[in-house]
Structure formats: structure tokens, C-alpha cells
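Note that this note's numbering has the sequence shown beginning at 26, numbered continuously upward.
Note that the Cβ used here is the ideal one computed from N, Cα and C, for glycine as well.
Working notes, beginning with the structure itself.
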Amino acid sequence: MRKRRKILTVSTAVVAAATLPLLISPVVSAAAREDDDDSSRIARLYAPPPDRDSYRQVARLAWRGDFRDSAGLLAMVRTPHAVWYGDETPEQIERLVRRTTRSADVRGKLPVLALYNIPGRDCGSYSSGGADGLAAYEAWIDAVAEGIGDRKVLIVLEPDSLALLPSDCADESNADQTAVEEQPAEEQLAGEQQTAVEQQPAAEAPPTDLPPLPDPGASTAPPAASDAQGTGQDTAQSPDAQSPDPRLPASESPAPKPAEAQEPSASQSPAPEPSAEQPSTLPELPPLPTPDPMTPDPKTPDPMTPDLGDVGDLDTPVVEDQETAARYSEINYAVDSLTALGNTSVYLDAGHAGWHSVRSIVPRLIKAGIDRATGFALNVSHYQTDPDSAWYGRLISSCLAYADEGGDPEDCADQSWSRRHARRWLHAHVPDDPGRMKHFVTDTSRNGQGPWSPRAGAHADTQSWCNPPARGLGRRPTTRTGDALLDAALWVKTPGESDGRCLRGTDGPLDPVRGTVNPDAGEWFPEQALELVRYAEPSVKVFRRFPGR
Numbered sequence: 026m027r028k029r030r031k032i033l034t035v036s037t038a039v040v041a042a043a044t045l046p047l048l049i050s051p052v053v054s055a056a057a058r059e060d061d062d063d064s065s066r067i068a069r070l071y072a073p074p075p076d077r078d079s080y081r082q083v084a085r086l087a088w089r090g091d092f093r094d095s096a097g098l099l100a101m102v103r104t105p106h107a108v109w110y111g112d113e114t115p116e117q118i119e120r121l122v123r124r125t126t127r128s129a130d131v132r133g134k135l136p137v138l139a140l141y142n143i144p145g146r147d148c149g150s151y152s153s154g155g156a157d158g159l160a161a162y163e164a165w166i167d168a169v170a171e172g173i174g175d176r177k178v179l180i181v182l183e184p185d186s187l188a189l190l191p192s193d194c195a196d197e198s199n200a201d202q203t204a205v206e207e208q209p210a211e212e213q214l215a216g217e218q219q220t221a222v223e224q225q226p227a228a229e230a231p232p233t234d235l236p237p238l239p240d241p242g243a244s245t246a247p248p249a250a251s252d253a254q255g256t257g258q259d260t261a262q263s264p265d266a267q268s269p270d271p272r273l274p275a276s277e278s279p280a281p282k283p284a285e286a287q288e289p290s291a292s293q294s295p296a297p298e299p300s301a302e303q304p305s306t307l308p309e310l311p312p313l314p315t316p317d318p319m320t321p322d323p324k325t326p327d328p329m330t331p332d333l334g335d336v337g338d339l340d341t342p343v344v345e346d347q348e349t350a351a352r353y354s355e356i357n358y359a360v361d362s363l364t365a366l367g368n369t370s371v372y373l374d375a376g377h378a379g380w381h382s383v384r385s386i387v388p389r390l391i392k393a394g395i396d397r398a399t400g401f402a403l404n405v406s407h408y409q410t411d412p413d414s415a416w417y418g419r420l421i422s423s424c425l426a427y428a429d430e431g432g433d434p435e436d437c438a439d440q441s442w443s444r445r446h447a448r449r450w451l452h453a454h455v456p457d458d459p460g461r462m463k464h465f466v467t468d469t470s471r472n473g474q475g476p477w478s479p480r481a482g483a484h485a486d487t488q489s490w491c492n493p494p495a496r497g498l499g500r501r502p503t504t505r506t507g508d509a510l511l512d513a514a515l516w517v518k519t520p521g522e523s524d525g526r527c528l529r530g531t532d533g534p535l536d537p538v539r540g541t542v543n544p545d546a547g548e549w550f551p552e553q554a555l556e557l558v559r560y561a562e563p564s565v566k567v568f569r570r571f572p573g574r
């Protein structure tokens, strides 16, 4: 009798796992229409087959009767997102890319490919790997081009390859000290006083149980205590600028981090920067085009003007070592090979708004061949808010146009400037025609709640980019953005995949924030996947709404 019961139970579970996608696919389709209010936008982008582990989690949730979480998770994994390639042989990558692009072409949809095989990838950290030198990388890119052929494809080329050059890999050891030394004396004193208060003993505990999925009609806005993250870069939020998030353990709250700190993977992030919307203390500018003596200058800071935390001040000079020179050669080769296909849009890596200053990333984009590429990609695998990414993208695009006319990128408006001063610079130096400027795409896969702000001094290395708790899905993928310079909001990072082990300066193996051993980079992370669904903004609606009800 027990044996029969066991066989019946296992059989029922298998049937449930196999039929669940068919049973709730109408629900998922309805959810997509409600979330984006225009299903034609999503229909243009290709949704690759979900991770097998994700379907296993969907089936487990449904089997135990948790249908809301199960349906929400299924909606997430079936939403269009990028297909990542890296470390395959040329023969393998040609076959895989051809299979993906043909499948998308048959369905009349646009596939997004994230190519991630640059030599010296990720400075040898969690996502280390890549091709073995320039020749091997060129052969790999040639194979990708063969696999694409004349089909239409959008490519995010080598996340972190320009924001994290080989010459940046050695900067992590003294980045924290540099950030402290370059703070004005008043800010250092205020920061020390605030840190002393925030470093009072607090019990370390893993995140509390996740809340239930919100009702379809209920607001999913984050709690008031997290509102300060609205314009926050996870490294630009000072301890005195934000209160702890009530959803997180008491040991976690905002922590300052250097702007040029190493970002070990496409999901990592160094020091967040101050919001460009903060009140300016600068006096009124003289009429343009007279040179503005009060425009922020990283070379000669004005002693009468408070430091706005310009990440450009912390940028270390790029040393053109052999590996860095090779990096530029590799990216240029990829740009030329892929754009020559005719139907391929190529977007270069530009980090995110909390990492490099505009005048730091623009010269890198120029050296990498941005003039021949379609544009650049922002916030890949990160958590910066949509407004911050859009503003940062506009500044980068404007600076590229200014440099193309012979201007010096050092003179460009920066994300640390007040909006009033930056807009005056844009009005004086930038063309009105968006067609004459480089466009960009953003990754909104995990930015629904913005960046995570850990407690100051809680860990030797906060790694705020690495599997932060209580983050949510962001804007659904679309090619209709309402912004003339923003070509698409995409899910580049696959939601639910881990960023790495996240030891945060400890000996491990536990992540001290979560209290668990995180999966390796790229593996399915069930706990984080559920968080992304439950904290999504806009929310994931899993029930059909009929007119008049």
C-alpha cells in the first residue's frame, strides 16, 4: 500500500510539472499585457527557453499549493531576456548562435545576445574566464558572425569590458583609502560621526521571510524607509543620506564605497554617486557662452564649493599597458566584424551611473570604436534606477557628440553636477537632433527597488553588487521607451541567476548577509528568484482581469 501511494505521489508531481506551463500560460499572457499595457512591445523581443532549474522551482511551488508564487515565477522566466554566450569553442558558438537567431527569426522576434568572452574577463573574480588571447577572441567573434548571418540581432558586447579594463584590476587594494583621502575635511568629520553611530553592535541575521505576493490591485511601491534610494547609486549613498531598509537585517544600512572600486562581474558595482537632483549650492552662472568659472573642474576644485562626490575625482589615470591595449583591439575587432553584418545592432559597455564619471567612460568608448557601433549599454546586471540610468545615458551621449565635434571630454557635464548646471551645458553644446547622437539601452531586469545600501562597516567588503537582498524585477522589456535616445529597456541579466558566492570579505563559505552558501555565478538561485518576483516594481500580476469586474 505504501509503495503504491509513493508511486502515485511521484506520478502526480511529474504530471503537474509537465502541465503547469500549459495550464497557466493564459495567465502569464494576461500578466504581460497588464504589466506593460501594450503586448506588441514585448512581442518584438525574443524569450529564450527558461533555465531547467527555474521550471523545477515552478513545479515544486505548484505541487505544494503555492500557486501565486509559481505563476509569478513562471511569468518572470518566460519574459524576453538576453541569451548569454561565453567560453564556448568557435564551433560550438557558431552552432548555438545560429540556432537562437533562426528560432527568433521564425517567430518574427528580435533576439538579444550578451557576448561575454573577452580575455581577462572580470579581473579573475567570480565570472573569470574568457578567450585565450587576441587571436582566439577574433576567431570566436568570427564564429558568432557566421552564426548570425543576415538575421536581425541586438548585441550587448562584453559587459564590464570597458568599465573594468585590465589597468583597473589593481586599483581595488587602495580604492577605499583614496576615497577617504579625497573627501573634504567637513565631509570626513560628518562621515566619521555618522559611522560611529551606525557601527553600534547589531545582531547579524539572514533576511526575514519574504512577504506574500501583493494583490493585483494593491500598490507595490517600496516602504517609505527605502524612498531615499530613488536616485541612489549603491556606492554614492552616504551613511547620513539614507535610513536603514526595514526589510533588511539590522546589520545592513548605507555604506560609502569608492567610485572606481573593482566590479568583479557584470553584476558588480563600486561606489554609488550622489544624485544629480540634490540641491546645488553653486551661485548663479554667468550668461553663456562665456566660460563658466563655477563649472565643476576635477583638476582645480573650488574651495568655496562643497564636494558633490564626483566620481571623476576618484578616477585613476588609465595606464596603457599591453593587456589594456589588447582589450581595445579586441573590442574594435568585434565592433567591425559584427556591424558589417548589416542587420546587427551593437552596444558597447558603459558601466552604470554609480561607477564611472562621464568624462572617464567617454574616452574609453571612443577608443573602443563607439563611432562605428550602434551605441552603448548601461546598468547591465546592476540595480541603478531608470531615471538615473536615463540621465547618465543622456550625458554620455551628449559628451560623445561634443567630442565628435572636437570638444574635450574633460569639459563635459557630469552626473555629479546639479541638473540646472548640466542642462545649461547641454543647451550650449549638444545638438537638438537625437539622430546625430549615439543611442543606448539599459538593463532593467533587477532594478525595481534600486541599489542595495548595506550598513557601514558591517563587512570588510560589502559587495553591494553581489546578490543583494530584497531586490525586485524592474520595467518589463520594451523597444518603445518614450525616450529618443533610449532604444530599449531590456532584461540583459537573466533574473534568478546568481552573481557569485558573495563572501563579502569573510572566509566563507556562507554569505554573511543571507546566512546561506550562494550558488556560483550564473547558476539558478531560488531564493533570489522569489525575491525578484515578490519585490517587483511594477508588480507581477498573475490573475486575469476582465472588463467590468
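Excluding the 5 residues flanking Gly530 on each side, which residues of the same chain have their C-beta closer than 7 Å to its C-beta?
His484, Ala485 and Asp486
task: Provide the residue(s) that pair with Leu373 in DSSP beta bridges, ordered along the chain.
output: Answer by DSSP bridge pairing, in chain order: Leu182 and Phe401.
Whether Leu190 touches Arg389 by CB criterion (9 Å): yes
Three-state class that DSSP yields for Val343 in the structure shown: In this prediction, Val343 has a pLDDT of 46, which is less than 50 and means its spatial position is unreliable; nothing more can be read from the coordinates.
message = Taking 8 Å as the limit between beta carbons, can you name the residues of its chain near Pro184, skipping five residues before and five after?
response = Ala139, Tyr141, Ala291, Asp374, Ala402, Val405, Ser406 and Val517
Using the Cα positions of Gly547 and Arg471, report the straight-line distance between them to the nearest angstrom.
15 Å
Requested in this report: Classify Val122 as buried or exposed, calling it buried when 16 or more other Cβ atoms lie within 10 Å of its own Cβ.
Outcome: buried
**Item:** Neighbourhood of Gly431 by C-beta, 6 Å cutoff - its chain only, sequence neighbours within 5 removed
**Value:** Contacts found: none.
Who are the Cβ neighbours of Ala156 in its own chain at under 6 Å, not counting the five residues just before and after it? Asn142, Pro144, Tyr162 and Trp165
Assign Phe465 to one of three DSSP states: helix, strand, or coil.
strand
Query raised in the report: By a C-beta neighbour count over all protein chains shown, 10 Å radius and 16 as the cutoff for buried, is Glu355 buried or exposed?
Result: Flag for Glu355 reads buried.
request  = Let me know if Asn368 comes out buried or exposed under the rule of 16 or more other beta-carbons within 10 Å of its beta-carbon.
outcome  = Taking a 10 Å sphere around the C-beta of Asn368, we find fewer than 16 other C-beta atoms and assign the residue as exposed.
Practice task
Using the Cα positions of Glu562 and Arg146, report the straight-line distance between them to the nearest angstrom.
Solution key: Here the alpha carbon of Glu562 sits roughly 32 Å from the alpha carbon of Arg146.
*Does the region 530 to 542 touch the region 112 to 132, meaning 3 or more C-beta pairs lie closer than 8 Å?*
no
By Cβ distance, which residues of its chain are closer than 7 Å to Val23, with the 5 residues on each side in sequence left out? The chain is shown from 26 up to 574; residue 23 falls before or after that span and cannot be answered.
Are at least three pairs of beta-carbons, each pair with one atom in the region 459 to 467 and one in the region 68 to 83, less than 8 Å apart?
With the rule of 3 Cβ pairs closer than 8 Å, the region 459 to 467 does not count as touching the region 68 to 83.
| request: Could you spell out where the alpha helix (DSSP H) holding Ala415 opens and where it closes? | output: Asp411 to Asp429
Exercise. Just tell me which of Tyr353, Tyr110 and Ala415 has its CA closest to the CA of Ile391.
Key: Tyr353
**Asked** Of the residues Gly473, Arg384, Arg445 and Arg444, which one's Cα is nearest the Cα of Glu435?
**Response** Arg384
Inset, instruction - Determine the burial state of Arg500: buried for a count of at least 16 other Cβ atoms within 10 Å of its Cβ, exposed for fewer. - result: buried
Alpha helix (DSSP H) segment containing Trp477, residue limits: First-last for Trp477: undefined, no H or E at that position.
query = Does the separation of the CB atoms of Pro494 and Val558 fall below 9 Å?
reply = no
field: Best match in Ser150, Glu556, Ala72 and Lys566 for proximity to His132 [C-alpha to C-alpha]
entry: Reading the sequence as shown, one finds Arg at residue 132 and not His. Comparing Cα-Cα distances from Arg132 to each of Ser150, Glu556, Ala72 and Lys566, the minimum goes to Ala72.
query = Just curious, the alpha helix (DSSP H) that Trp450 is in, first and last residue?
reply = Residues Arg444 to His454.
**Prompt:** Can you give, in chain order, each stretch of the beta strand (DSSP E) that sits fully within the region 480 to 527 and has at least 3 residues?
**Reply:** Here the runs fully enclosed are 511 to 515.
Report the option in Gln117, Gly400 and Thr114 whose CA atom is closest to the CA atom of Gly418. Gly400
Trp109 lies in the beta strand (DSSP E); which residues open and close that run? Per DSSP, the continuous beta strand (DSSP E) segment holding Trp109 begins and ends at Val108 to Tyr110.
For Gly111, collect the residues of the same chain with a Cβ closer than 6 Å to its Cβ; drop the 5 residues on either side in sequence, then sort them by chain order. For Gly111, same chain residues with a beta-carbon under 6 Å away, outside a window of 5 residues either side, are Tyr141 and Asn142 in chain order.
(request) Have a look at Val102 and Pro520 and give me their C-alpha separation to the nearest angstrom. (result) 7 Å
If you drop the 5 nearest sequence neighbours on each side, which residues of the same chain put their C-beta closer than 6 Å to that of Ala447? In its chain, beyond the 5 residues on either side, Ala438 have a beta carbon closer than 6 Å to the beta carbon of Ala447.
Practice item. Leaving aside the five residues before and after Asp536 along the sequence, list all residues of the same chain whose C-beta is less than 6 Å from its C-beta, in chain order. Key: Cys527 and Asn543
Residue from Tyr408, Arg444 and Leu451 with nearest C-alpha to Tyr427 | Leu451
ask   = Apart from the five residues on each side of it in sequence, which residues of its chain come closer than 7 Å, Cβ to Cβ, to Glu217?
value = Here Glu217 scores only 43 on pLDDT, less than 50, and its place in the model should not be relied on; the value that follows carries that caveat. None.
Segment limits, beta strand (DSSP E) that includes Val137 = Here the beta strand (DSSP E) through Val137 covers Val137 to Leu140.
Nearest CA to the CA of Leu366: which residue from Arg93, Ala554, Ile173 and Ser150? Ile173
Quiz item: So what does DSSP say about Arg93, is it helix, strand or coil?
Solution: helix
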